[in-house]
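All residue numbers for the sequence shown refer to my numbering, where the first residue is 29 and numbers rise by one.
Structure first, then comments.
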Amino acid sequence: MTFVSQNGRIIPAEQFGQVAEAADILNAARQAAAKAETELEATRQHAWREGYDGGFTQGIRDAAERLSAVLGKAESELSDLEGSIETIVLKSLGMILGSMDANEQTARMIRQAISQETESRSITIHVPPEDEHAVRQAIAGLDERISLKIDPLLASREIIMETASGRSHIGLADQISAMIEAFRHG
């Protein structure tokens with residue numbers, strides 16, 4: 029028996045088995061190559077995904093570290109500015125208060141405190157002896173509920189307002205101390 033190949037060559041029967049076997053081997057090799065190519069592509073895709081995910085995760089980590097560093101630096105700079113701002117505010121406050129007449133300051137503080145006290149039937153203002161004249165002028169005609177008490181134990185410019193609800197320090201030093209405390213602890 030003989031076999032004619034596609035190119036017209038005649039293959040003797042004794043070699044035909046070898047050709048058929050070679051064709052089977054070639055076919056198996058092609059299938060193995062196709063399978064290997066599929067596996068290679070799957071491995072390539074998996075490696076690409078792992079690399080992408082790893083790079084993305086590392087990028088997020090790096091960005092978070094940089095953001096943390098920038099925020100830390102900004103906090104530090106703001107903290108450094110707080111002292112300067114506090115100094116400026118306190119100097120400005122001192123300049124404003126220094127430019128005001130002492131009696132006018134006293135009158136404003138008393139008027140402010142009394143305007144906030146609407147429920148009491150009587151209001152007693154405690155002042156040191158040296159501030160009596162200025163405070164009497166400040167409260168003259170202001171509110172009939174107000175009475176003045178001289179307290180020699182109070183320091184100059186210290187004022188205490190007493191109402192049914194309690195006692196309040198309304199003097200300039202107390203108000204400035206409260207403002208400074210609020211400013212510092214905020």
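Don't be surprised by glycine CBs; every beta carbon is placed ideally from N, CA and C.
Hey, how far is the Cα of residue i from the Cα of residue j?
| i | j | result |
| --- | --- | --- |
| Ser143 | Lys101 | 46 Å |
| Arg89 | Ser107 | 27 Å |
| Leu118 | Phe84 | 50 Å |
| Ala183 | Val163 | 14 Å |
| Lys63 | Leu99 | 53 Å |
| Gln43 | Ile53 | 15 Å |
| Ala48 | Asn55 | 10 Å |
| Gln86 | Gly45 | 60 Å |
| Glu67 | Gly82 | 22 Å |
| Leu95 | Glu145 | 50 Å |
| His161 | Ile124 | 23 Å |
| Glu103 | Ala97 | 10 Å |
| Ala141 | Glu172 | 15 Å |
| Tyr215 | Ala61 | Residue 215 is absent from the structure shown; the chain starts at 29 and stops at 214. |
| Ile113 | Ser120 | 10 Å |
| Ala51 | Trp76 | 37 Å |
| Met137 | Glu158 | 17 Å |
Could you check whether residue j and residue i sit closer than 7 Å to each other, using their CB atoms as the reference points?
| i | j | result |
| --- | --- | --- |
| Thr134 | Ala166 | yes |
| Met189 | Ile178 | no |
| Thr115 | Ile151 | no |
| Ile153 | Leu181 | no |
Ends of the beta strand (DSSP E) at residue i?
| i | result |
| --- | --- |
| Glu2 | Residue 2 lies beyond the stretch modelled for the chain, which goes from 29 to 214, so this question has no answer here. |
| Ser175 | 174-178 |
| Ser184 | From DSSP, Ser184 is part of no beta strand (DSSP E); its letter is neither H nor E. |
| Arg195 | 194-197 |
My assumption, with CB atoms under 8 Å, is that residue i sits in contact with residue j. Please give the rounded CB distance.
| i | j | result |
| --- | --- | --- |
| Pro156 | Glu132 | Not really, about 18 Å apart at Cβ, beyond 8 Å. |
| Ser148 | Ser193 | 7 Å |
| Arg139 | Leu109 | Their Cβ separation, rounded to whole angstroms, is 35 Å, which puts Arg139 and Leu109 out of contact at 8 Å. |
For the alpha helix (DSSP H) holding residue i, just list the boundary residues, first then last.
| i | result |
| --- | --- |
| Ile167 | 160-167 |
Is residue i near the ligand PLP, going by C-beta to nearest heavy atom under 6 Å?
| i | result |
| --- | --- |
| Ala64 | What this structure holds is no ligand at all, so the ligand PLP is not there to describe. |
With a threshold of 7 Å between beta-carbons, can residue i be considered close to chain B, or not?
| i | result |
| --- | --- |
| Ala162 | The chain inventory of the structure shown lacks chain B, comprising one protein chain alone. |
- Message: Just to confirm the assignment: which complete alpha helix (DSSP H) runs, minimum length 4, are found wholly within the segment 91-159?
- Response: 130-144
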